[in-house]
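S.K.:
Protein chains in written order, with our numbering: chain A, 1 to 114; chain B, 115 to 229.
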């Protein structure tokens, strides 16, 4: 089956620190990969995506590169802000599979302190 | 509003009671998903609707769970004879493409607490 594994949180760091959230996946086909973010009190929203190997998704200073050889899609940001405090979810979908539904990882809570 | 709307935002119920959770997707979106987010867990897929096709119910955890989507728009998730382990945030999402992963729009969820 398909699954996504991401590092457990919470991750606590200071403003301007470097953030990495590891994400690895298993899939029965060639998935597209996503990072979703859930800010406090808000619904999940798409942060970035990559649809093929070596693609780099980027948004709001965050980046993630689709690594097929290591089945990974680690999320990085060079200098975090307090406003980046949120829960981050790695996810995949296999187009053509029933429903094209997203399979999510367990989420990683990030807390950025001033 | 233009977003996915869920109601109620919070629901407290007693064990054994039935509950109904409502989702209003974004107008024109043909795909609708229900997920469950339990404390300390990831998002668990429950059910998927796409247009007039038969729904994908593969994620429903038991026969106490059911969902309908009337007129291709509003959806209701029903949990019968609720149990304490049903306590979670129930999230609805919609998409305007069959390739739903491209961009799902999520509602803020219904926090269900079963006492």
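All C-beta atoms, glycine included, are put in the ideal place defined by N, C-alpha and C.
Since this is a predicted model, take the numbers as computed values, not measurements.
Since residue 198/B and residue 129/B should fall inside the 8 Å C-beta cutoff, what is the C-beta to C-beta distance between them, to a whole number of angstroms?
M.R.: Between residue 129/B and residue 198/B the Cβ distance is about 6 Å, and since that is below 8 Å, they are a contact.
S.K.: With a cut-off of 8 Å, does the C-beta of residue 214/B fall near any C-beta of chain A?
M.R.: Caution is warranted here: a pLDDT of 48 is assigned to residue 214/B, below 50, making its placement in the model unreliable, and the coordinate value is therefore given only provisionally. Output row for residue 214/B: interface = yes.
S.K.: Taking C-alpha atoms, which residue in 16/A, 51/A, 46/A and 39/A lies nearest to residue 33/A?
M.R.: Taking only the C-alpha atoms, the option nearest residue 33/A is 51/A.
S.K.: Between residue 87/A and the rest of its own chain, which residues show a CB-CB distance below 6 Å, the 5 nearest in sequence each way excluded?
M.R.: Counting only Cβ-Cβ distances below 6 Å, and skipping sequence neighbours, we find 38, 107 and 109.
S.K.: What runs of the beta strand (DSSP E), each 3 residues or longer, lie entirely inside the region 123-177 of chain B?
M.R.: Counting whole runs of 3 or more residues, the region 123-177 of chain B contains the beta strand (DSSP E) stretches 124-127, 133-138, 145-151 and 157-164.
S.K.: Using a Cβ cut-off of 7 Å, pull out every chain A residue sitting near residue 217/B, in sequence order please.
M.R.: Those within 7 Å of residue 217/B in chain A are 46.
S.K.: Please state whether DSSP places residue 187/B in a helix, a strand or coil.
M.R.: Three-state result, residue 187/B: coil.
S.K.: Looking only at its chain, what residues have a beta carbon closer than 8 Å to the beta carbon of residue 123/B, apart from the 5 residues adjacent to it on each side?
M.R.: Closer than 8 Å at the Cβ level, and outside the excluded window around residue 123/B, lie 222, 223, 224 and 225.
S.K.: From the DSSP output, in three-state form, read off residue 199/B for me.
M.R.: Correct three-state label for residue 199/B: helix.
S.K.: With a cut-off of 8 Å on the beta carbons, I'd call residue 76/A and residue 19/A a contact; round off their distance for me.
M.R.: Correct: roughly 7 Å between the Cβ atoms.
S.K.: Closest to residue 95/A by C-alpha separation, out of 158/B, 196/B and 217/B, would be which residue?
M.R.: For the residues 158/B, 196/B and 217/B, the minimum Cα distance to residue 95/A belongs to 217/B.
S.K.: Helix, strand or coil for residue 222/B, going by three-state DSSP, please let me know.
M.R.: Of the three classes helix, strand and coil, the one that applies to residue 222/B here is coil, per DSSP.
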